[in-house]
Amino acid sequence: KGLRVADKGFLNTAVMRSTITYIDGDAGVLRYRGYPIEQLALHSSHLETAYLLIYGALPSASQLATFQNEVMHHGVVHADAEQFCRSFRYDAHPMAILTSAFAYLGSYYSEANPSLQGQNIYTRGDKASLALMDKQIYRLIGKATTLAAMAYRVRQGREFVTPPKNLSYTGSFLYQMDHLGEENYVPNPVLEKALDVLFLLHADHELNASATTVLQTGSSLVDPYSAIAAGCASLYGPLHGGANEAVIRMLISIGKPENVPAFLEAVKRREKVLSGFGHRVYKTSDPRSFIVRKTADDVFKITGKDELLETAMALHEAAMKDEYFIQRKLAPNVDFCGLIYRAMGFPLDFFPVLFAVPRVVGWLAHWRQMMLQEGGVKIWRPRQIYVGETKRDYVPINERV
Ligand code: CMC
Numbered sequence: 058k059g060l061r062v063a064d065k066g067f068l069n070t071a072v073m074r075s076t077i078t079y080i081d082g083d084a085g086v087l088r089y090r091g092y093p094i095e096q097l098a099l100h101s102s103h104l105e106t107a108y109l110l111i112y113g114a115l116p117s118a119s120q121l122a123t124f125q126n127e128v129m130h131h132g133v134v135h136a137d138a139e140q141f142c143r144s145f146r147y148d149a150h151p152m153a154i155l156t157s158a159f160a161y162l163g164s165y166y167s168e169a170n171p172s173l174q175g176q177n178i179y180t181r182g183d184k185a186s187l188a189l190m191d192k193q194i195y196r197l198i199g200k201a202t203t204l205a206a207m208a209y210r211v212r213q214g215r216e217f218v219t220p221p222k223n224l225s226y227t228g229s230f231l232y233q234m235d236h237l238g239e240e241n242y243v244p245n246p247v248l249e250k251a252l253d254v255l256f257l258l259h260a261d262h263e264l265n266a267s268a269t270t271v272l273q274t275g276s277s278l279v280d281p282y283s284a285i286a287a288g289c290a291s292l293y294g295p296l297h298g299g300a301n302e303a304v305i306r307m308l309i310s311i312g313k314p315e316n317v318p319a320f321l322e323a324v325k326r327r328e329k330v331l332s333g334f335g336h337r338v339y340k341t342s343d344p345r346s347f348i349v350r351k352t353a354d355d356v357f358k359i360t361g362k363d364e365l366l367e368t369a370m371a372l373h374e375a376a377m378k379d380e381y382f383i384q385r386k387l388a389p390n391v392d393f394c395g396l397i398y399r400a401m402g403f404p405l406d407f408f409p410v411l412f413a414v415p416r417v418v419g420w421l422a423h424w425r426q427m428m429l430q431e432g433g434v435k436i437w438r439p440r441q442i443y444v445g446e447t448k449r450d451y452v453p454i455n456e457r458v
């Protein structure tokens, strides 16, 4: 009653007051807790930025050391969870494995499950309750890379690797992904750093579809593992986290630079989608895309250039000059980083996982903010505008025409 206009796709609905991430989509500005993304990419690390996003301030040296230790310490998963991941088919999409594995983990930590207590157990200002929340945060960030590496290896029929000690977050991840048993194996420092920068760039992006899903799910007071699993499911789609995979499939289908004009014409006829372009919030270039380009230069020096790079550059150049895309303010988003992942040797369908793992940080920052908000959590229950039949009477099956 009283509702006349449905805001399809939430184009004009704000559901939270937030202090986490600021985006000015017209100016191409992205800041985490006030810090420009360019400064963080240059000077910070993914885990330091994770601390910033979740707790609101850059950590002191001892706070960072504690946070890193806790996260890395919680990287190990129970042997049963390994068994669970092994039960997937060799050709299962790794996002399906990751999504399920997060939900599965929730069954281990009943103390973290507000549903079992019938109320919000995460209370502002209560030390024990905040410590309980911190523990779930360490577990979820720590185990994200382990579960991702398991999703990768299960498809190759390879044994899982226990998270190593004394490596960075991305170093440990690369080690678990590809460690072949050599002694003193050390991931290439340039690739380790490049992945860390990409993780930091993907750590948060305010209330996109997946973060909103985490909050919507979390607003029923479900446990954070289930909420993160819901976020993964939302991210999986090709309009969101699946776009980095779709970009490469699109470039492969275009094949070579000469085919770009015909492809763009098909996009304009709405027969094809130009993946990696367009954004709900950015109406100019996504500021992360410049950092992705610089990171690509560093990676390609080690790995050699990706054969699709020329096609990607031709596509970029042609689209940026074309009236159709200019009028609609369509510019490259962050999803061209798929070219870097490909050069690093990650399989195509693993790309959304490389988005989901660092995004666990942002999801948790939003979840924590919501759970601890003043006045408590309000369940998210939007309204609809009913446009169906008015009342009609039931017709027995033999009387229906
Ligand atoms: N290719 C061709 N036309 C497009 C594209 C595109 N990639 N994106 C938007 N448009 C057109 C759209 O058809 C519409 O045209 P018209 O007004 O004539 O109907 C106009 O531009 C406005 O677009 P919209 O559909 O209203 O934009 P939206 O905010 O609803 O959708 C989007 C945003 C990201 C889903 C969309 O741009 C898209 O599908 N992009 C390709 C997929 C992609 O790269 N997704 C990753 C987004 S960034 C990372 C992330 O957050 O996951």
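According to full-length UniProt numbering, the sequence shown is numbered sequentially starting from 58.
Glycine included, each C-beta is placed from N, C-alpha and C at the ideal position.
- Your pair Ser75 and Gln426 checks out as a contact, with CB atoms roughly 6 Å apart and the cut at 8 Å.
- DSSP lists Arg88 as the bridge partner or partners of Tyr79.
- Not one heavy atom of the ligand CMC is found less than 7 Å from the C-beta of Ser291.
- Below 8 Å, enough C-beta pairs join the stretch 355–367 and the stretch 247–258 to call them touching: three or more.
- When distances are taken from the beta-carbon of Leu331 to the heavy atoms of the ligand CMC, the shortest one is below 7 Å.
- Beta-bridge partners assigned by DSSP to Phe334: Pro389.
- Remark: the C-beta of Ala63 is outside contact range of the ligand CMC, defined as less than 7 Å to any heavy atom.
- The closest CA to that of Leu60, considering only Ile442, Arg457, Asn455 and Tyr293, is found on Ile442.
- Within the chosen limit of 7 Å, the ligand CMC does not reach the beta carbon of Ala388 with any heavy atom.
- A distance below 8 Å separates the beta carbons of Ile348 and Glu95.
- Per the coordinates, the alpha-carbon of Val391 lies some 11 Å from the alpha-carbon of Tyr339.
- In the DSSP annotation of this structure, the continuous segment of the alpha helix (DSSP H) that includes Thr352 starts and ends at Pro344 to Thr360.
- From the listed residues Leu405, Asp406, His336 and Pro409, the smallest Cα separation to Ile80 is found for His336.
- Per DSSP, the continuous alpha helix (DSSP H) segment holding Gln273 begins and ends at Ala266 to Gly275.
- Remark: the C-beta of Ala300 is in contact range of the ligand CMC, defined as less than 7 Å to any heavy atom.
- Distances from the CB of Gly335 to the heavy atoms of the ligand CMC include at least one below 7 Å.
- In the three-state reduction of the DSSP assignment, Pro409 falls in the helix class, which pools H, G and I.
- Under a 10 Å Cβ-count criterion, Arg327 is classified as exposed, with fewer than 16 other Cβ atoms of the shown protein chains found around its own Cβ.
- In terms of side-chain proximity, the C-beta atom of His297 is found nearer than 7 Å to a non-hydrogen atom of the ligand CMC.
- Taking the Cα positions, Glu105 is about 11 Å away from Thr123.
- Collapsing the DSSP output to three states places Pro93 in a strand.
- Bounds of the alpha helix (DSSP H) holding Ile305 are Ala300 to Ile311.
- Phe320 sits buried, since 16 or more C-beta atoms from the chains shown fall within 10 Å of its C-beta.
- Of Phe217, Gly175, Gln176 and Ala169, the smallest CA-CA separation from Ile194 is found for Ala169.
- Counting other Cβ atoms within 10 Å of its Cβ, Tyr179 reaches 16 or more and is therefore classed as buried.
- Nearest C-alpha to Ala206 among Gln233, Phe159 and Phe334: Gln233.
- Look at Ile436 here: in three-state DSSP terms it is coil, with no helix or strand label.
- With a cutoff of 8 Å on beta-carbon distance, Val128 and Pro344 are scored as not near each other.
- Boundaries of the alpha helix (DSSP H) around Ala375: Leu366 to Lys378.
- By the Cβ criterion, the stretch 270–288 is not in contact with the stretch 369–377, since fewer than three pairs of Cβ atoms, one from each stretch, lie closer than 8 Å.
- Not one heavy atom of the ligand CMC is found less than 7 Å from the C-beta of Gly163.
- Nearest to Ser332 by C-alpha distance, out of Pro404, Leu387 and Leu224, is Leu387.
- With 16 or more other Cβ atoms inside 10 Å of its own Cβ, Tyr209 counts as buried.
- If you check the C-beta of Asn241 against the ligand CMC, you find no heavy atom less than 7 Å away.
- With a cutoff of 7 Å, Asp392 counts as near the ligand CMC, since its C-beta is closer than that to a heavy atom of the ligand.
- When C-alpha distances from Leu155 are compared across Asp183, Tyr112 and Leu292, the shortest belongs to Leu292.
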